[in-house]
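See structure below.
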Amino acid sequence: MTFDSPENTETSSPQSEIDAAATAGPEGTLPPQAEPEPADEDVIGVRRGMFGISGTGDTSGYGRLVRPVTLPGSTPAPYGGYFDAIVDALRTALAPTGTPFESAIEKIVVFRGELTLHVRREHLPLVAQALRDDAALRFELCLGVNGVHYPDDTGRELHAVYHLMSVTHSRRLRVEVSAPDADPHIPSLYSVYPTTDWHERETYDFFGILFDGHPSLTRIAMPDDWRGHPQRKDYPLGGIPVEYKGARIPPPDERRAYS
């Protein structure tokens with residue numbers, strides 16, 4: 081009997097099941113339970129056209145396209161699988177600090193198989209330390225920080241997203257913090273997760289988020305005197321005049337140190 085024979089009724093091997101789980105992507109991290117239904121989406125704006133072009137610049141044929149810009153709303157408990165255990169453990173870990181869970185956590189979102197804790201920026205270092213040090217949490221590794229710009233999210237235009245991983249418990253978590261464009265300050269997590277050193281510099285360079293407490297917050301991709309932050313959505317696309325001229329590379333003993 082060959083492997084392709086119709087008479088072969090063997091089930092998949094344990095190794096194939098392991099391989100399938102390993103390649104399932106972020107959705108595979110959700111325990112095998114039904115994902116809870118999120119609350120109503122938060123509408124933060126309306127997008128017109130395909131690329132945000134106004135006037136006569138839109139040659140895509142989608143100039144009349146109108147659609148809302150939405151973010152996932154708060155997810156009610158229970159969240160499913162170990163997500164509930166994470167939330168309960170964090171609530172317990174914050175209790176001795178004198179900071180109520182509801183004061184530190186703005187909202188909880190389960191979306192596309194991922195748990196996201198939206199943390200108020202003034203409580204970010206406290207929450208991060210609890211996530212790292214508490215025995216029931218043990219998120220020892222921060223995989224980096226990403227910046228996001230939502231121009232229509234009034235008072236919360238700039239977002240920083242941290243991806244955490246617990247090596248001890250084999251769990252993943254997203255932590256998201258927001259700041260207004262007029263006051264783009266977010267506490268640095270360098271003292272809690274030193275791996276955020278260069279990630280916070282890159283996010284500052286491209287989005288203009290100021291990470292308070294970072295030991296050397298400098299540009300790492302754009303020149304020091306570059307005006308603006310190229311990954312913001314209000315940054316002009318195309319036709320940008322040359323803003324940086326006369327580049328000079330200093331000798332090694334005169335170059336800026338990053339530490």
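Be aware that the sequence shown starts at 81, since it is given in the working numbering, and climbs by one per residue. Think of the CB as a built atom: it goes at the ideal place given N, C-alpha and C, for glycine as much as any other residue.
**Asked** Using DSSP with H/G/I as helix, E/B as strand and the rest coil, what is Ala102?
**Response** Note on Ala102: pLDDT 44, under 50, position unreliable in the model; no value is reported.
**Message:** Against chain D, with Cβ distances strictly below 8 Å, would Ala157 count as a contact?
**Reply:** Absence of chain D from the displayed structure is noted, only one protein chain being present.
**Prompt:** beta strand (DSSP E) containing His239: first to last residue?
**Reply:** First-last of the beta strand (DSSP E) with His239: Leu238 to Ser246.
**Buried or exposed (CB count within 10 angstroms, at least 16 for buried), Arg252** = Buried.
**Request:** Pull up the distance between the alpha-carbon of Ser154 and that of Gly293, whole angstroms please.
**Result:** Looking at the two C-alpha atoms, the distance is approximately 30 Å.
**Residue range of the unbroken alpha helix (DSSP H) whose run includes Arg281** = Following the DSSP letters along the chain, one finds Arg281 inside the alpha helix (DSSP H) bounded by residues Asp277 to Phe287.
**Item:** For Ala157, three-class secondary structure by DSSP
**Value:** Note: Ala157 maps to coil in three-state DSSP.
**Asked** How many angstroms separate the CA atom of Asp305 from the CA atom of Phe291?
**Response** If you take the alpha carbons of Asp305 and Phe291, they lie about 19 Å apart.
**Request:** Would you mind sorting Ala157 into buried or exposed? The rule is 16 or more other CB atoms within 10 Å of its CB.
**Result:** Counting Cβ neighbours within 10 Å, Ala157 comes out exposed, since fewer than 16 surround it.
**Request:** Using the Cα positions of Gly108 and Gly193, report the straight-line distance between them to the nearest angstrom.
**Result:** Any reading at Gly108 needs caution, since the residue's pLDDT is 49, under 50, leaving its predicted position unreliable; the model's value is listed next. Near 7 Å, if we compare the C-alpha coordinates of Gly193 and Gly108.
**Request:** Evaluate Pro330 with the Cβ neighbour count: other Cβ atoms within 10 Å of its Cβ, from every protein chain shown; 16 or more gives buried, anything less gives exposed.
**Result:** That one is exposed.
**Prompt:** Do you know offhand how far Asp214's Cα is from Glu202's?
**Reply:** Looking at the two C-alpha atoms, the distance is approximately 20 Å.
**Outcome for Val199 when other beta-carbon atoms lying within 10 angstroms are tallied against a minimum of 16** = Around the Cβ of Val199, a 10 Å sphere holds 16 or more other Cβ atoms; the residue is buried.
**Asked** With a cut-off of 8 Å, do at least 3 Cβ pairs link the region 279-290 to the region 225-236?
**Response** Between the region 279-290 and the region 225-236 there are three or more C-beta pairs closer than 8 Å, enough to call the two in contact.
**C-alpha distance - Met81 paired with Gly161, whole-angstrom precision** = Since pLDDT at Met81 reaches only 44, below the 50 mark, its modelled position is unreliable, and the value read off the structure follows with that caveat. Each residue's alpha carbon lies about 42 Å from the other.
**Prompt:** Under 8 Å, do Val272 and Arg218 count as touching if we go by C-beta distance?
**Reply:** Cβ distance not < 8 Å, so Val272 and Arg218 don't count as in contact.
**Asked** When the Cβ atoms of the region 236-244 are set against those of the region 252-272, are three or more pairs found closer than 8 Å?
**Response** Yes, they touch.
**Prompt:** In this structure, does DSSP put Val225 in helix, strand or coil?
**Reply:** Reduced to three states, the DSSP call for Val225 is strand.
**Prompt:** With a CB to CB cut of under 8 Å and the five nearest residues on each side skipped, what residues in its chain are close to Val123?
**Reply:** Excluding sequence neighbours, Val123 sits near Pro148, Val149 and Thr150.
**Request:** Look at the Cβ atom of Glu220, then the Cβ atom of Val241, and state whether they are nearer than 8 Å.
**Result:** The Cβ atoms of Glu220 and Val241 lie no closer than 8 Å to each other.
**Request:** Report all residues from its chain with a CB closer than 8 Å to the CB of Pro106; omit the five preceding and five following residues, and keep chain order.
**Result:** Low confidence applies here, because Pro106 scores a pLDDT of 47, under 50, leaving its location unreliable; read the following figure in that light. Shown here for Pro106: same chain residues with a beta carbon closer than 8 Å to its own, the five before and five after excluded, namely Arg192, Gly193, Glu194 and Arg252 in chain order.
**Item:** Span separating the alpha-carbon of Leu174 from that of Leu206
**Value:** Spanning the two alpha carbons is a distance of roughly 8 Å.
**Asked** Going straight from the alpha carbon of Ala301 to that of Ala208, what length do you get?
**Response** Straight-line measurement puts the Cα of Ala208 at about 27 Å from the Cα of Ala301.
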